[in-house]
Amino acid sequence: MLNPVTREPRSAILQKHIAYYYFMQTDSDRFASRYYAFPHTYTVFNIHRGAIKNFGDHFTNVHGTGCFEPVVSVQGIREHPLEVNLTGIIDKVTILFKPLGLNAFLDQPFASVITRPSQLFTSWDNLPAYKSFTKAFFGESDLDNRCKILESFLLTRYRSFPEHDLLSRFISRLSDFDESLPIEDICRQLQVQPRTLNRLFRKHLGVSPASYRKVARFRHSLQNKLVENQFTRMTELAYQSNYYDQAYFNKIYKELTGSNPHRFYKEIETLADERLVFRFMES
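For what it's worth, UniProt numbering labels the leading residue of the sequence shown as 1, then goes sequentially.
Right, here's the structure in full:
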């Protein structure tokens, strides 16, 4: 069973871009865990100590070898569940970047670096500071000290990009499900052409504004159901999460989770203070 341990960013700069970290370690090469992870507006960034990885658009296989060589993987915004298979000796930190968060630590636009739903990340591999960071990070056993080492490195990579403020304002309005303005109306408010907005979203988030809103609304419904512990009936959850009707609610859940809402909530488990939502399968 997974037992992730979470930490919050300490740096005020990093708090703007990172929701939280979680750490996971196993000490047996017989460890195995298989589960589905579900779409999120966060970018999931995993730094592993010694791992063999195999990726597809709908799956990620990770086998921890126990050796030192760091391996980094990343998952952007997806519109389908991701099957994850973890085996072996795992020692990793996962960074949950907020929307546009990882962009602040890249030298190129997001879409130039992240081209698949799940993939290796190699942009930092040749940086001397990255090599020093991973050696110090995995050489430390205390998680709080690991956080300090991680944050010191991330701050050396921090930079802004010109479209951040505009896209942040648009994301805020897209995620306002009480008002739920059409995308064209938000474009008029912010004085941006829809074509320009679509291009910027794909460049810096890897998806269209409509796809982003679909995933954000799904996560909004999860928040209503799991964290705020509201709406025992699916019809109430659909209405309060601003879905058009029950049929549309069911359709979106089927696309994003592979299940209807009733079955989905029966089968999932939550970890890390209900921040992580997985559906476990037999390994």
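Just so you know, even glycine gets a beta-carbon here, dropped at the ideal spot from N, CA and C.
Selection from the options that minimises the alpha carbon distance to residue i
i, options, result
"K148", "F133, P117, L200, R199", "F133"
"F249", "K214, L181, D29", "K214"
"L166", "V93, E69, Q193", "Q193"
"D178", "T156, L155, S221, R10", "S221"
"L106", "S123, V93, D91", "S123"
"A51", "D91, R173, S33", "D91"
"K203", "E236, A32, E163, T270", "E163"
"V227", "E69, R275, V71", "R275"
For residue i, the first and last residue of its enclosing beta strand (DSSP E)
i, result
"H40", "No beta strand (DSSP E) holds H40; DSSP gives it neither H nor E."
"S118", "118–120"
"Y244", "No beta strand (DSSP E) contains Y244, which DSSP labels as neither H nor E."
"I18", "18–25"
Through-space distance from residue j to residue i, alpha-carbon basis
i, j, result
"F45", "Q119", "10 Å"
"L2", "R78", "23 Å"
"L100", "I268", "28 Å"
"L14", "L150", "11 Å"
"R233", "Y265", "11 Å"
"K98", "C187", "22 Å"
"Y42", "R219", "10 Å"
"N145", "F278", "28 Å"
"Q223", "D176", "14 Å"
"Y244", "E255", "16 Å"
"I171", "S160", "17 Å"
"L181", "Q189", "10 Å"
"R7", "N126", "28 Å"
"Y212", "E184", "15 Å"
"A136", "T235", "51 Å"
"R10", "A247", "43 Å"
"N61", "Q25", "16 Å"
"F201", "I252", "21 Å"
"H174", "F68", "At residue 174 the sequence reads Leu, which differs from the His that was named. Looking at the two C-alpha atoms, the distance is approximately 42 Å."
Paired residues, beta bridge with residue i - DSSP
i, result
"T60", "F55, V84"
"K131", "DSSP output for K131 lists no bridge partner at all."
"H48", "V71, K92"
"F31", "Beta-bridge pairing links F31 to no other residue."
"T65", "I89"
"L276", "L271"
"V5", "F23"
"M281", "R34"
Within-8 Å CB hit, residue i to chain B
i, result
"G88", "Note that chain B does not occur in the displayed structure, where there is just one protein chain."
Under 8 Å between C-beta atoms of residue i and residue j
i, j, result
"H17", "A104", "yes"
"A272", "P4", "yes"
"S73", "F121", "yes"
"I89", "G66", "yes"
"I114", "Y21", "no"
"T87", "H58", "no"
"P117", "G76", "yes"
"T257", "P81", "yes"
"R34", "N85", "yes"
"R263", "F138", "no"
Residue range of the alpha helix (DSSP H) that includes residue i
i, result
"P70", "That residue, P70, is in no alpha helix (DSSP H); its beta strand (DSSP E) goes 70–75."
"K92", "No alpha helix (DSSP H) holds K92; the beta strand (DSSP E) holding it covers 91–97."
"Y265", "261–267"
"L154", "143–157"
"N198", "194–204"
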